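One rule links them: number in this note's numbering = place in the sequence shown (from 1) + 8. We treat Cβ as the ideally placed atom computed from N, Cα and C, and that holds for glycine. Given the structure is predicted, the values throughout are model-derived calculations rather than measurements.
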Amino acid sequence: MAARRLRHHAEVDILDDVRTYWEADAAGYDAVPSHHPADPGVRAAWAAALARHLPPPPARVLDCGAGTGFLTLIAARLGHRVVSLDLSESMLARLRAKAAVEDLAVEVVVGAADQPPAGPFDAVIERHLLWTLPDPVHALRAWRSVTPHGRLLSVEGIWGSADPAEKVRGWARTRTARLLGRHHDHHAPYPAHVLAQAPLANRTTPASVVLAIEEAGWRGPLMERLSDVEWAIRLTLPALLRALGVPPVFLVVASA
């Protein structure tokens with residue numbers, strides 16, 4: 009019993025640290041093009057990827073780890089009814105403001121990724137969230153429970169030490185970006201003690217993501233590399249960065 013209480017308190021402390029990090033990150037989050045693409049070609053490439061795999065609109069879609077609305081706004085523009093879940097109130101405030109500018113009806117919910125609002129949903133979407141979670145399989149199961157007859161769209165990339173060659177390219181991109189006067193994507197490094205509790209941190213690969221999705225009970229996962237998205241992003245970069253390419257982006261779709 010005492011061990012269980014200690015584990016619970018540790019999980020609450022980590023959740024508080026995660027919330028604090030993203031609350032602080034919210035102010036400058038949208039200044040980074042990969043967080044809030046301003047280029048019409050990049051936005052259209054992402055819209056095409058979602059349109060290919062979401063149910064016909066108007067579907068009820070849950071966006072987990074919605075942040076400032078990267079996927080939420082795309083899905084809402086496609087005609088879907090989106091519920092946006094995030095731990096950070098400040099992130100969701102920016103999402104709400106952007107939706108209001110475009111007159112998009114979006115519902116926001118403040119909460120942990122593994123505690124989704126009541127369904128049923130026709131689809132669950134997430135982008136670059138799984139690597140942050142202490143128990144991604146648990147969260148994936150929770151999403152499946154509120155999407156009993158729907159589908160999952162999981163957008164992830166290959167980061168950190170997941171691929172040695174990509175690690176070298178990532179190092180080169182970071183150094184080149186600094187030479188060009190570009191700053192870090194976030195206000196501070198992600199807390200090391202939080203990363204230590206996240207099994208997919210720096211280890212998101214197609215195999216690790218698909219295995220987590222299958223372990224959570226989702227069926228028939230299909231994966232594709234979002235080459236059109238990568239190409240559109242690459243065209244927006246300065247020549248030096250364009251030569252180094254962009255991190256691989258992939259999408260896994262599965263059925264409940």
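Going straight from the alpha carbon of ALA220 to that of ASP94, what length do you get? The straight-line gap from Cα to Cα measures roughly 21 Å.
Between the CA atoms of LEU112 and ARG85 - distance to the nearest angstrom: 7 Å
Collapsed DSSP secondary structure at VAL114 in the structure displayed: strand
Contact between the region 27 to 42 and the region 98 to 116 (3+ Cβ pairs under 8 Å): Verdict: yes, contact present.
With a cut-off of 8 Å on the beta carbons, I'd call PRO142 and ILE22 a contact; round off their distance for me. 6 Å
Would you call THR28 buried or exposed, if buried means 16 or more other Cβ atoms sit within 10 Å of its Cβ? exposed
What would DSSP say about ILE166, mapped onto helix, strand or coil? coil
Beta-carbon contacts of ALA11 that lie in its chain and below 6 Å, excluding the five residues immediately before and after: With a pLDDT of 40 at ALA11, under the threshold of 50, the predicted position of this residue should be treated as unreliable, though the coordinate-derived value follows. There are no such residues.
Tell me which residues share the same chain as GLY253 and place their Cβ nearer than 6 Å to its Cβ, disregarding the 5 neighbours each side in the sequence. Excluding the 5 residues flanking it on each side, GLY253 has no same chain C-beta neighbour closer than 6 Å.
Is the region 203 to 211 in contact with the region 224 to 238, if contact means three or more CB pairs nearer than 8 Å? Contact fails between the region 203 to 211 and the region 224 to 238, because fewer than three Cβ pairs, one in each stretch, are under 8 Å apart.
Alpha carbon to alpha carbon, what distance is there between VAL117 and LEU79? 15 Å
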